[in-house]
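Before any comments, here is the structure.
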Amino acid sequence: MNILQQMTERAQQNLKRIVLPEGDEPRTLEAANIVLEKKIAKLTLIGDPEVINRMAEEKGYKHICEAEIFNPKTDPRMAQYASLLYELRKKKGMTEEEAQQKAQDPLYLGCLMIKNGDADGELAGARGTTADTIRPAFQILKTKPGVGIVSGAFLMFTPATELGEQGFLVFADCAVNPCPNAQELAQIAVSTAETARTLAQIEPRVAMLSFSTKGSAKHELIDKVTEATRIAHELAPDLALDGELQADAALVEKVGQLKAPGSKVAGKANVLVFPDLQAGNIGYKLVERFSGANAIGPILQGIAAPVNDLSRGCKVQDIVEMIIITANQAIG
Numbered sequence: 022m023n024i025l026q027q028m029t030e031r032a033q034q035n036l037k038r039i040v041l042p043e044g045d046e047p048r049t050l051e052a053a054n055i056v057l058e059k060k061i062a063k064l065t066l067i068g069d070p071e072v073i074n075r076m077a078e079e080k081g082y083k084h085i086c087e088a089e090i091f092n093p094k095t096d097p098r099m100a101q102y103a104s105l106l107y108e109l110r111k112k113k114g115m116t117e118e119e120a121q122q123k124a125q126d127p128l129y130l131g132c133l134m135i136k137n138g139d140a141d142g143e144l145a146g147a148r149g150t151t152a153d154t155i156r157p158a159f160q161i162l163k164t165k166p167g168v169g170i171v172s173g174a175f176l177m178f179t180p181a182t183e184l185g186e187q188g189f190l191v192f193a194d195c196a197v198n199p200c201p202n203a204q205e206l207a208q209i210a211v212s213t214a215e216t217a218r219t220l221a222q223i224e225p226r227v228a229m230l231s232f233s234t235k236g237s238a239k240h241e242l243i244d245k246v247t248e249a250t251r252i253a254h255e256l257a258p259d260l261a262l263d264g265e266l267q268a269d270a271a272l273v274e275k276v277g278q279l280k281a282p283g284s285k286v287a288g289k290a291n292v293l294v295f296p297d298l299q300a301g302n303i304g305y306k307l308v309e310r311f312s313g314a315n316a317i318g319p320i321l322q323g324i325a326a327p328v329n330d331l332s333r334g335c336k337v338q339d340i341v342e343m344i345i346i347t348a349n350q351a352i353g
């Protein structure tokens, strides 16, 4: 059984409530019907019930009737959500009137539902930007204790079964932070290890990537990675993590033994932490295109509750898979 199937079954056995702020977005609605048919999660769709039900009827989506459809223009619970937002943001200068207005925004409303205990996770982004999705999560849910940065990971299902966990690896940060400093990079590494454990149920072996292995080159960019490695060891002393490592030293056993003898990670890494966003984003897309890998993500890490982002070019299957992942994050 592959990892994605394991996650699907885990979600089916532990039904979580996932809110979809873009309830009338066509791909999202089709994905919602699939998720409900397969009983992967309970869903709340934000939008006008008349519009959503008409779209579902036209397309023959028979399972949308099983979802809760929340209309922010008419639902009496909106007063409670607006009050919650005001209490959370009044010290930042938000007025009650502004809170009432902001709470109408489906992306804010989804996070307020999670904060109020009415949902376990959120998935959005088919229409908006990553910043649009992350901003309300920052303001309402904030980050996990001890984590000061949100990052984006990808689950990489590759045909190279000799690498990682039978071809499966986790890459980060590939979506959010252009140039993390050493402290931030260390936190990204620890968050990504947690993602590997939570979602894939594997024991992470984390490689802090660079263009140098164990001092084979000298540069301030390498210094950042070695410092991040040191900090990560302090944050998670029991985590199998090593750096700085070149990609081949991290992944290929013979190269790892040659370049980093005695390392518990070199040649066996299943989690790759890139030094910056340029490297991470380019890296995962090259692997995806050259190897035919299935890249699922970005999975947002570090937020106090599961909130995930979609690419505006996403396909229906992408949305289904991200709902599965969001549900698994909520299970923990």
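Counting with the working numbering, you get residues 22 to 353 for the letters of the sequence shown.
Glycine is no exception: its CB is placed at the ideal position from the N, C-alpha and C atoms.
Bear in mind the structure is a predicted one, so any value in this text is a computation, not a measurement.
Simplified DSSP assignment, three categories, for residue i
i, result
"N54", "helix"
"A281", "coil"
"M115", "coil"
"G62", "Checking the sequence shown, residue 62 turns out to be Ala, not Gly. Reduced to three states, the DSSP call for A62 is coil."
"A145", "strand"
"L256", "helix"
"T234", "coil"
"D339", "helix"
"E309", "helix"
"A124", "coil"
"L266", "strand"
"L206", "helix"
"S104", "helix"
"N315", "strand"
"D330", "strand"
"V276", "helix"
"V197", "coil"
Cβ-Cβ distance between residue i and residue j below 9 Å
i, j, result
"L230", "E265", "yes"
"G301", "A196", "yes"
"A316", "K306", "yes"
"A249", "A281", "no"
"I39", "I324", "no"
"G169", "D330", "no"
"L105", "I85", "no"
"I303", "T219", "no"
"L57", "E87", "yes"
"A221", "F189", "yes"
"K37", "A348", "yes"
"I320", "F175", "yes"
"L293", "A228", "yes"
"Q267", "S212", "no"
"K112", "A120", "no"
Nearest-angstrom Cα separation, counted from residue j out to residue i
i, j, result
"G288", "Q160", "40 Å"
"D269", "P225", "18 Å"
"T29", "A152", "28 Å"
"A140", "A238", "49 Å"
"K94", "L50", "20 Å"
"L279", "A181", "21 Å"
"P157", "C132", "7 Å"
"G146", "Y102", "22 Å"
"T116", "P127", "19 Å"
"T247", "S284", "15 Å"
"K60", "D45", "20 Å"
"I73", "N54", "12 Å"
"E342", "L25", "8 Å"
"P47", "L260", "42 Å"
"R31", "P42", "24 Å"
"Q322", "T154", "13 Å"
"E274", "E79", "54 Å"
"G123", "Y107", "Note that residue 123 is Lys in the sequence shown, not Gly. Taking the straight line from one Cα to the other gives about 10 Å."
"Q208", "A253", "7 Å"
"L242", "A271", "18 Å"
"K235", "K83", "58 Å"
Assigned exposure category for residue i - 16 Cβ within 10 Å defines buried
i, result
"A295", "It is Phe, not Ala, that sits at residue 295 in the sequence shown. Looking at its Cβ environment, which holds 16 or more other Cβ atoms inside 10 Å, F295 is buried."
"G138", "exposed"
"A52", "buried"
"K136", "buried"
"E205", "buried"
"D194", "buried"
"A100", "exposed"
"P327", "buried"
"I90", "buried"
"G142", "buried"
"G68", "buried"
"F192", "buried"
"K245", "buried"
"G313", "exposed"
"E186", "buried"
"G334", "exposed"
"N23", "exposed"
In DSSP terms, what residue i is bridged to
i, result
"K239", "According to DSSP, K239 bridges with nothing at all."
"L76", "Per the sequence shown, residue 76 should be read as Met rather than Leu. DSSP lists no partner for M76."
"T250", "BP columns for T250 are empty, so no partner."
"T164", "I324"
"E89", "T65"
Interface flag, residue i vs chain B, CB-CB below 9 Å
i, result
"N198", "No chain B is part of this structure, which consists of one protein chain only."
Closer than 8 Å: residue i CB and nearest the ligand ADP heavy atom
i, result
"F91", "No copy of the ligand ADP occurs in the structure displayed, which carries no ligand at all."
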